[in-house]
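Down below is the structure, laid out as structure tokens.
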Amino acid sequence: MKIAHTLLLATALSVTLSVPARAASDEPISPIKPAVVKDQKLVELGKKLFFDPRLSKSGFISCNSCHNLSMGGSDNLKTSIGHNWQKGPINSPTVLNASLNVAQFWDGRALTLKDQAGGPIANPGEMAFTHELAVDLLKSIPGYVTEFKTVFGQNSTVDIDEVTRAIAAFEETLVTPNSRFDKWLKGDKKALTPAERAGYELFKDSGCTGCHNGAAVGGNTFQKMGVVEPYKTDNPAEGRFAVTKEEADRFNFKVPTLRNVELTYPYFHDGAAQTLSDAVDTMGRIQLGKKFTPDENAKIVAFLKTLTGDQPDFKLPILPPSSDKTVPPKPFD
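Residue numbers for the sequence shown, in mature numbering (1 follows the signal peptide of the UniProt record, and there is no 0): -23 to -1, 1 to 310.
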């Protein structure tokens, strides 16, 4: 009898514990998992490179300039500012949770974080350096040479492959778990208010999760901007078409993640929507053919704000000093 009672208790406990897991698995959005650091020394080197403005011609622009980790991994500008105050061509996407993306950049031209990391350095409209000059600069800094050998071995030559591997390793740690919505997914039914829960149900029922799903709540597909009606913009970007040259891909952009979306304004590839309310209104109209009422809009916005997770928490790196052989920056050339 005692054995049967024990088995009954165990079965009941197993069922009770599995309910939140099943509930979460039934949802189109899944919780973000914490980052797994495989090589701390590689990550620390990548962090220094991410914050080092000397990888730009001006000595003023770093990866963090456009992907500011104090501002949701973005820069909160309509389009980013490049070398010599050039107006960037497109809105800077957040670097937070970028490891969950199917590809990098709005048009997906880089498949991995490593591929992406080398792009801005050599882009004349961004950091305006070359890979060769960036590598030469790093080689002129004794502290970096020593650290590269520590990370990659004594045969390290300090090349762009090692540079981008390190930056990507750091960026892979920039995930934001433990949002209130994730806590709700895991079974904490008090994590959301009734209005936030209603906003999520409306978000699903309206079809938003057709594009914004998975752990990143987006980032895993390319979709046309302007399904029901054309999206009007002065921005010349043509999305995936720039990569594939397939007419069907014109104005197909990578669906942005909605994680931490309250921090990453303005919105869309052209930065045209300054507020979440504006973004929800526009998306409902041009993608879904739906006009949200002010109350519906407010509830969806309330839900979206529950997607803000734990922001990366780390100590800012102390960068190794330049040497007499380090070429000075040229901010005005």
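Every residue, glycine too, gets a C-beta built ideally from N, C-alpha and C.
CA-to-CA distance, residue j to residue i, given in whole angstroms
{"i": "Ser275", "j": "Ser254", "result": "Per the sequence shown, the amino acid found at residue 275 is Ala instead of Ser. If I take the Cα positions, the gap works out to 7 Å."}
{"i": "Ser35", "j": "Ser42", "result": "12 Å"}
{"i": "Asp92", "j": "Ile137", "result": "11 Å"}
{"i": "Glu215", "j": "Thr241", "result": "22 Å"}
{"i": "Gly164", "j": "Ser2", "result": "11 Å"}
{"i": "Asn68", "j": "Asn229", "result": "15 Å"}
{"i": "Val204", "j": "Gly65", "result": "26 Å"}
{"i": "Ser39", "j": "Ser33", "result": "7 Å"}
{"i": "Leu281", "j": "Gly96", "result": "31 Å"}
{"i": "Lys(-22)", "j": "Lys166", "result": "Legend: pLDDT at Lys(-22) = 39, less than 50; position of this residue unreliable, value from coordinates given subsequently. Approximately 34 Å, taken between the alpha carbons."}
{"i": "Gln81", "j": "Thr56", "result": "17 Å"}
{"i": "Asp272", "j": "Leu179", "result": "11 Å"}
{"i": "Lys209", "j": "Leu54", "result": "19 Å"}
{"i": "Phe199", "j": "Gln131", "result": "42 Å"}
{"i": "Ala105", "j": "Lys18", "result": "28 Å"}
{"i": "Leu88", "j": "Thr170", "result": "38 Å"}
{"i": "Thr259", "j": "Lys222", "result": "27 Å"}
{"i": "Pro243", "j": "Leu110", "result": "33 Å"}
{"i": "Ala249", "j": "Phe27", "result": "28 Å"}
{"i": "Asp16", "j": "Glu139", "result": "14 Å"}
{"i": "Asn212", "j": "Asp310", "result": "27 Å"}
Cβ distance (whole Å) where residue i is taken to contact residue j below 8 Å
{"i": "Ser156", "j": "Thr303", "result": "About 42 Å; that fails the 8 Å criterion."}
{"i": "Arg217", "j": "Gly85", "result": "6 Å"}
{"i": "Phe269", "j": "Val257", "result": "6 Å"}
{"i": "Asn74", "j": "Arg236", "result": "5 Å"}
{"i": "Val128", "j": "Val112", "result": "Contact flag wrong, Cβ pair sits at about 15 Å."}
{"i": "Lys25", "j": "Pro233", "result": "So it is not a contact: roughly 28 Å between Cβ atoms."}
{"i": "Lys231", "j": "Asn78", "result": "7 Å"}
{"i": "Arg31", "j": "Leu114", "result": "6 Å"}
According to DSSP, residues forming a beta bridge with residue i
{"i": "Asn45", "result": "Ser51"}
{"i": "Lys250", "result": "For the sequence presented, residue 250 should be read as Ala rather than Lys. DSSP output for Ala250 lists Tyr244 as bridge partner(s)."}
{"i": "Ile58", "result": "Lys64"}
{"i": "Asn229", "result": "Lys201 and Gly216"}
{"i": "Gln81", "result": "Ala87"}
Own chain, CB closer than 6 Å to residue i, minus 5 neighbours either side, in chain order
{"i": "Pro11", "result": "Pro154"}
{"i": "Thr107", "result": "Ala99"}
{"i": "Lys126", "result": "Ser133"}
{"i": "Ala168", "result": "Arg157, Lys160 and Trp161"}
{"i": "Pro297", "result": "Ile118, Gly120 and Tyr121"}
{"i": "His44", "result": "Gly50 and Val72"}
{"i": "Pro306", "result": "Ser35 and Gly36"}
{"i": "Gln63", "result": "Gly102"}
{"i": "Ala172", "result": "Lys276 and Ala279"}
Option in the options with minimal Cα separation from residue i
{"i": "Leu22", "options": "Glu273, Gly187 and Glu124", "result": "Glu124"}
{"i": "Phe158", "options": "Ile98, Gly49, Gly191 and Leu296", "result": "Gly191"}
{"i": "Gly176", "options": "Phe28, Ala279 and Asp290", "result": "Ala279"}
{"i": "Phe48", "options": "Asp290, Gln17 and Asn61", "result": "The residue asked about is misnamed: residue 48 is Met in this sequence, not Phe. Closest option to Met48, Cα to Cα, is Asp290."}
{"i": "Gln251", "options": "Ala225, Thr198 and Asp52", "result": "Asp52"}
{"i": "Ile8", "options": "Pro243, Val194, Lys231 and Lys267", "result": "Sequence check: residue 8 is Pro here, not Ile. Here the closest residue by C-alpha is Val194."}
{"i": "Lys201", "options": "Cys188, Ala105 and Arg31", "result": "Cys188"}
{"i": "Gly196", "options": "Phe28, Glu109, Asp29 and Pro70", "result": "Pro70"}
{"i": "residue 311", "options": "Pro207, Pro30 and Arg227", "result": "A question about residue 311 goes unanswered here, because the residues of the chain that appear run from -23 up to 310."}
{"i": "Leu46", "options": "Asp310, Phe147 and Asn212", "result": "Phe147"}
Own chain partners of residue i with C-beta closer than 7 Å, once the 5 adjacent residues on each side are dropped
{"i": "Ala94", "result": "Thr141, Ile144 and Ala145"}
{"i": "Val220", "result": "Asp84, Gly85 and Arg86"}
{"i": "Gln288", "result": "Thr153"}
{"i": "Glu149", "result": "Ala12, Ser76 and Leu90"}
{"i": "Lys267", "result": "Ser183 and Gly261"}
{"i": "Val14", "result": "Val20 and Thr150"}
{"i": "Pro308", "result": "Ser35, Gly36 and Phe37"}
{"i": "Val238", "result": "Leu253, Leu281 and Leu284"}
Chain-order list of residues whose beta-carbon lies under 8 Å from that of residue i (same chain, five-residue window excluded)
{"i": "Ser300", "result": "Ser117, Ile118 and Pro119"}
{"i": "Thr186", "result": "Pro5, Ile6 and Phe180"}
{"i": "Glu224", "result": "Phe218"}
{"i": "Asp29", "result": "Ser39 and Leu296"}
{"i": "His60", "result": "Ser33, Lys34, Ser35, Ile38, Pro101, Gly102, Glu103, Met104 and Ala105"}
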